[in-house]
Structure formats: C-alpha cells, structure tokens
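If you use the numbering used here, the sequence shown corresponds to residues 3 to 235, in order.
Each residue gets a CB set at the ideal place from its N, CA and C atoms; glycine is no exception.
One structure is given below, encoded as structure tokens.
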Amino acid sequence: PEQWARVVTGPAMSEGARRRGFDNPLSTNQLVSWVGNAAATSAFYALCGALLLTPAGCSDTVVAIMVLVHLALVLGGFSCWMFLETHLPTQESWFGRLLPDSERWTRSRYCREHKDVVVGLDHFCSWLNTAIGRSNYIPFYLVALLGTLQYALHVAVLVFVLGTCRRDQLNLALTLLCSICALLGFLILLAYGALLSFHTFLCWHRMGTYDWIVQQRQAERGQVTHERVPSQA
C-alpha cells in the first residue's frame, strides 16, 4: 500500500529514537521476560532430562513425546520473538502483506518511542521494547499463542509426572523442584493466556489496542458526565 511507501521512503529516524527491540536502553519488563522465560524453560528441560534418566515409574514414552512437542513450540515462539526484536516496525514485511487493507491496518500513527509513524500501529510493547504494527502483528500474536501452548504443556507434563510417578522412586528433592517449576510455568501461562485472550478479543471485534483504550476512556467520561448531571439538577 502507498502508506508503506510514505513511511519507508520518509526521512531517517530521529536521533535517539528506538529502532529495534534489542537496542539500548533495554526495559525492565523486557529483562524480566528474558530471565523468567529462560529460567522456566531451562529448569523444565533439566527436570525432564533427569526424570527420563531416573527409573521413577513414569511413562518415559509419553513424557518424551510431550517434551518434543514442547520443544517445537519453543522453537516456533523463539523464531517469532527474534523477528519481533530485530525487525524495524516502520518497515514493511511479508507478515504485513497477509493482513487486509482495512482502516485498522492501513492507518498510520506516530510512535513516541520510535519518533516515527508506524503503519497499523497497535501499541508499544514494553515487554518487547518495540512498537507492534502491521509489519509485526502476526508474529506478536503467534508469540502469545505459542507461549500459551508452551506453558500449558509445561504445566501438564510436570503435573503428569507428579501424578503418575511412583512415590517411592521420586525423591523429595525432585518432587519439590517439579512443583516449583510447575508453579512458575503456571504463573507465566496466566500472563500469556491473558495476552492471547485480549488480542483474540480485539481481532474478533476488528479493533486495535489504541482504539480499545480510546473507547474505554470515552465510556468512562460518559459515565462520569451521566453521574454529574443529576447531582446538578
């Protein structure tokens, strides 16, 4: 669309503007997400490896299959995450070409952090430290979807292990570590699930995050005005 041409061929980004998610300064939320996901995933694979090597009375075949599916989800999510952190949201991508040329995806908005306009700007994500717009919304949604599936399986595998392994073969330390790792995975699952649910809701109603925020503010102002009128009468 001509909106892409206007953005891509426009003036260079202002000095000090963000370009990619990996650019400094990194946000606190960004670092927390890196540490949290890395810790939970590393602990999960370490525990699964220990369980597969320990004769704990579990079904090794079932655990191995679930771990392989989990690995596929991790690799898919990691690929989308790398795209989000390295792609310039002000530039076109083939992901953007998959979206319809509706007003939501062709309207250009100015992004304060990038000091430039972004086609189809949905919001600026502090967890990725980059703007989410037409060119990267699909991988953003896939990160939410694959992350939800990954941590749902993360919890399911550990609950399966705790519920089916023989108590006399599963030592206390391993049981405790599996429980902590499952709890950590569940907390991250809630975050991904909330993100996925919210953006699925937005897609269903064909609106963006900024549009939803504006709608909520207008509704709040209308409610305040409605409450003030009777009191002044």
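Nonlocal neighbours in the same chain, by C-beta distance under 6 Å from residue i, ignoring five residues either side
i: Asn-31; result: Ser-128, Trp-129
i: Ala-45; result: Cys-183
i: Ser-29; result: Ser-128, Asn-131
i: Ile-134; result: Asp-124, His-125, Cys-127, Phe-142
i: Ser-233; result: In this prediction, Ser-233 has a pLDDT of 46, which is less than 50 and means its spatial position is unreliable; what the coordinates show is noted afterwards. Taken in chain order, the list of residues that qualify is empty.
i: Val-69; result: Cys-50
Cβ neighbours of residue i in the same chain (closer than 7 Å, five flanking residues each side left out)
i: Tyr-143; result: His-201
i: Leu-198; result: Ala-146, Leu-147, Thr-150
i: Ser-95; result: His-89, Ser-137, Asn-138
i: Trp-214; result: Leu-204
i: Pro-141; result: Cys-82, Phe-85, Leu-86, Phe-97
i: Tyr-112; result: Val-119
i: Leu-191; result: Thr-150, Tyr-153, Ala-154, Val-157
i: Phe-188; result: Val-157
i: Leu-176; result: Ala-52
i: Leu-179; result: Leu-49
Own chain partners of residue i with C-beta closer than 8 Å, once the 5 adjacent residues on each side are dropped
i: Gly-79; result: Leu-144, Val-145, Leu-148, Gly-149, Gln-152
i: Arg-22; result: Glu-87, Thr-88, His-89, Leu-90, Thr-132
i: Arg-106; result: Gly-122, Arg-208, Met-209, Gly-210, Asp-213
i: Val-161; result: Ala-184
i: Val-71; result: Leu-155
Residue i burial status per 10 Å Cβ neighbour count (16 or more: buried)
i: Thr-92; result: buried
i: Val-65; result: buried
i: Trp-83; result: buried
i: Asn-39; result: buried
i: Leu-33; result: exposed
i: Arg-223; result: exposed
i: Leu-186; result: buried
i: Ser-35; result: buried
i: Tyr-194; result: buried
i: Ala-235; result: With a pLDDT of 39 at Ala-235, under the threshold of 50, the modelled position of this residue cannot be trusted, and the question is left open.
i: Ala-42; result: buried
i: Leu-49; result: buried
i: Gln-159; result: With the sequence shown as reference, residue 159 is identified as Val, and Gln is not the correct amino acid for it. Its Cβ being crowded by 16 or more others within 10 Å, Val-159 is buried.
i: Leu-100; result: exposed
i: Val-37; result: exposed
i: Val-1; result: The chain is shown from 3 up to 235; residue 1 falls before or after that span and cannot be answered.
Host beta strand (DSSP E) of residue i (start-end)
i: Arg-99; result: Counting along the chain, Arg-99 falls outside any beta strand (DSSP E), though it belongs to the alpha helix (DSSP H) covering 96-99.
i: Ala-133; result: 132-134
i: His-116; result: Here His-116 belongs to no beta strand (DSSP E), and DSSP marks it neither H nor E.
First and last residue of the uninterrupted alpha helix (DSSP H) at residue i
i: Gly-156; result: Before going on, a small fix: residue 156 reads as His here, not Gly. 139-166 is the span of the alpha helix (DSSP H), which, as asked, contains His-156.
i: Phe-126; result: No alpha helix (DSSP H) holds Phe-126; the beta strand (DSSP E) holding it covers 125-127.
i: Ser-199; result: 174-206
Contact with chain B by residue i, beta-carbon distance below 9 Å
i: Gly-224; result: Absence of chain B from the displayed structure is noted, only one protein chain being present.
Item to check | Sufficient close CB pairs (3 or more, under 8 Å) joining the region 69-87 to the region 151-160 | outcome: Yes: at least three Cβ pairs fall under 8 Å.
Item to check | Complete beta strand (DSSP E) runs within the region 46-111 (minimum length 3 residues, chain order) | outcome: Taking only runs of at least 3 residues, no beta strand (DSSP E) segment lies wholly in the region 46-111.
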